[in-house]
Structures are given as structure tokens and as C-alpha cells.
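Just below is one structure, and these are the notes that go with it.
Residue numbers (the working numbering): 5 to 390.
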């Protein structure tokens, strides 16, 4: 007995709508984080929004296929149903390809916002170029698969012809998997240079490695793609390919959004990313600085996807002080790669000079007065401070 790509129409509708809803929630949360919380939306957010829109379009075309007989034997359908189902199949192929492409673009442009290394960025631009060429080919080969175009869903038109389904679809799927793998492994080497605590680095690598699951889904989709490419009973054998295609594009969207949601999670569940460190104040060459180890409560948050201090996309590092009488000060210090002015590593410890302390230093350079002490919380000073 040969392989079958059959599944019920109800399964197609349930999986495609469910996966699209999950992807939609992820994208909405991402946009809310980028626009409403950290306020640093970029082109990668625009691309993932387009990916979601075309994912929704893919789901609509699949539901319409079910409404016109997908999941049933072709000989049980009327000619209008067969033509309509094939027409929506044709539409689903190129909107699926667009969703895949925009997701890849979103991930790659997201990398450009995170990593400042010149070599990495040139490699990333090169991969963007490859994905662009691949995307153009998959889109136009899907739209103009047959000549005339409507011959795809009207095989009764005399003189029409189509490209080889098996050859084109498997070539596209193979290149898709290769670019998925390349996109997934591209950021792994730069992680070695991140100035992050080991647990945070492992967590971040895990989030990006989830993109590998999309590669697994793409490979699992090959079997159902083979069946539909060889099938004569398209309506009966297409459902599994439709299900795997929906899982693939929406999983890609989810993986693209996960790294961007840290700020949102931190806002509503701040304890998740808290780390215990201690602070000691030292004075060197007339300047105060804070050293952190592992004793008191300290929050180190990783918001890697913002704009750099120079206004360019890239590394972000900031210090936010919240002084409370009788409480401890909290700093929000997203950091990656090289440290900006006011921050440096000292013997493996993080030395932070806050904006407030820099103001103190400027005033001390003019005159050391008693009023200077009112600029900072009492906890910044030791009894021997002078």
C-alpha cells in the first residue's frame, strides 16, 4: 500500500487556525513590547507582521480548500468544486512562500540589531541576499507554475502546460531547509563573546536554538510533499501537506518572536529574571564605582534588541536607578558585547558608573562640598567616604 497524505478536513481547519492564533498572539505581544514598552520597533517587526498576514492568508486558502472538498476523494466532487479547490491550492502555495520568506527576513534583520561584529554582519547581509533571491524564485515559480496561469486549476484548457511538481517543489523545500539551518546556526559563534552570566547565556542560546525545530518540521513535511507531488487524487492526499505547511510557517513566526518578549515578561513577572548580586563601593582616583558580586538582590535584564547609545541598531546597555527609603537600589543593565562608556569589567566583576554618579563626579571635580552628598542615596556612601 502506497503512502497517503490524507487527513480529515476538520483536522486541517483545527490545526491551521490553532497554529495561526498562537502565531498571532506572539506577534501582537512582540509589537506591544517593542512599541509600548521598550519603544524601539524596527524593520524586523515589520517583516514579522507581514509574515503573520500571509500566514493568515494561507490559513484562509486552506479552509476554503476544505470547504470545496479537500479531504475527500476527487471523483466525489463536482467539477466546480474541483476547480475551486485547485485554485485555492494555487493561491496557498505562493502566500505560504511569502510567509516563510518574511519570517526569515525578520530573524536575519533581528540579528543585525543584536550583533555589532563587522564580520558577522557581512555574513548576515550575504545570507539576506541569498534568501532574497530564493524568495523571488519561489514566489514567481509558484504564481507562474503553469502556462497559462489558470491551467493550474483548469486542466481542461487546451495547450496548457506546467512545470514538474516534484522537481520544483522539492528543490524549493531543499533550499528552504538549507537556509533554515544557516539562519539557525549563524548567531551561535558570537554568543561566546557575550558578557552574560552563564545561565542567561544558556537560556538565550536555547531560545535561538528553538529555530532548529522549524528545520525539523520542514524535514517532516517532505514526506507529505512527496505524496502530493505524485498524487492524481489531489483533494484526498493534500491535507497532511497543508497541516505541515501551517505548522512550519507558524512555528517559524513563534521562534522569531520569543527572543523579543523578555521585556514584556520582565514587566509582569520581574522575579523570573532576577539574579542575586552584591554591591560594594570603592573609590579610585577620586571616583566612586560600584562592584557587584553575589549577595544582595539585583536585577540584570537582557534587552538585546534595542538601539545603541549612538542611535544605531546594535548593542544596548543602560543603567536605571530606583532609590527607595529602606529598600535596595535596582539597576536594569541589558548588555552584550563591548561595554559603553560608564561600564567596564573589573576582574570578572561588573563595575557600573551610573548617570547619577557621573553627575557627582563632575561636581566633585569643581569642588567637594556637603551639598554633593544630597545627589545620591545614602547607600552609595560608606562611612569612610571622603
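Heads up, the beta-carbon is just placed ideally off N, CA and C, and yes, glycines get one too.
Since residue 232 and residue 245 should fall inside the 8 Å C-beta cutoff, what is the C-beta to C-beta distance between them, to a whole number of angstroms? Translated into positions along the chain shown, residue 232 becomes position 228. Translated into positions along the chain shown, residue 245 becomes position 241. Taking C-beta atoms under 8 Å as the contact rule, residue 232 and residue 245 qualify, at a distance of about 5 Å.
Using the three-state DSSP reduction, which class does residue 236 fall into: helix, strand or coil? Position 232 of the chain shown holds residue 236. Residue state, collapsed to three classes: coil.
Separation of residue 78 from residue 9, as counted between CA atoms: Indexing the chain shown from 1 puts residue 9 at position 5. Indexing the chain shown from 1 puts residue 78 at position 74. Rounded to the nearest angstrom, the two C-alpha atoms are 14 Å apart.
Looking at residue 70: is its Cβ nearer than 7 Å to the Cβ of residue 133? Taking the first residue of the chain shown as position 1, residue 70 is located at position 66. Taking the first residue of the chain shown as position 1, residue 133 is located at position 129. The criterion of a C-beta distance shorter than 7 Å is not satisfied by residue 70 and residue 133.
Where residue 236 and residue 118 are concerned, what is the direct C-alpha to C-alpha distance, given to the nearest angstrom? In the chain shown, residue 236 corresponds to position 232, counting from 1. In the chain shown, residue 118 corresponds to position 114, counting from 1. Rounded to whole angstroms, residue 236 and residue 118 show a C-alpha spacing of 48 Å.
Please work out which residues of its chain come closer than 7 Å, Cβ to Cβ, to residue 16, disregarding the five sequence neighbours upstream and downstream, and give them in chain order. Along the chain shown, one-based indexing puts residue 16 at 12. Excluding positions up to five away in sequence, the list reads 66, 70, 74, 75, 243, 246 and 247.
When the Cα atoms are used, what is the spatial distance from residue 201 to residue 262? Locating residue 201 in the chain shown gives position 197, where the first residue counts as 1. Locating residue 262 in the chain shown gives position 258, where the first residue counts as 1. Taking the straight line joining both Cα atoms gives about 20 Å.
With contact counted as at least three CB pairs below 8 Å, one residue from each stretch, are the stretch 51-62 and the stretch 100-108 in contact? Touching, yes.
Residue 204 versus residue 266: straight-line alpha-carbon distance, rounded: In the chain shown, the residue the question calls residue 204 occupies position 200. In the chain shown, the residue the question calls residue 266 occupies position 262. Whole-angstrom Cα-Cα distance: 12 Å.
Are there 16 or more other CB atoms within 10 angstroms of the CB of residue 188, so buried, or fewer, so exposed? Indexing the chain shown from 1 puts residue 188 at position 184. Buried, by the Cβ-count rule.
Under 8 Å, with one C-beta from each stretch per pair, do the stretch 151-164 and the stretch 212-230 reach the 3-pair mark? Contact between the stretch 151-164 and the stretch 212-230 is absent, with fewer than three C-beta pairs closer than 8 Å.
Apart from the five residues just before and just after residue 167, which ones in its own chain have a Cβ nearer than 8 Å to its Cβ? Position 163 of the chain shown, counting from 1, holds the residue named residue 167. Counting only Cβ-Cβ distances below 8 Å, and skipping sequence neighbours, we find 145, 149 and 150.
Sub-7 Å separation of residue 99 and residue 143 beta-carbons: By 1-based counting over the chain shown, the position of residue 99 is 95. By 1-based counting over the chain shown, the position of residue 143 is 139. For residue 99 and residue 143, no; Cβs fall outside 7 Å.
Beta-carbon gap between residue 27 and residue 56 smaller than 7 Å: For this step, residue 27 is matched to residue 23 along the chain shown. For this step, residue 56 is matched to residue 52 along the chain shown. Residue 56 sits close to residue 27, with the two beta carbons spaced by under 7 Å.
Among 226, 116, 20 and 18, which one has its Cα closest to the Cα of residue 46? The residue given as residue 46 occupies position 42 in the chain shown. Residue 116 is the option with its Cα nearest to residue 46.
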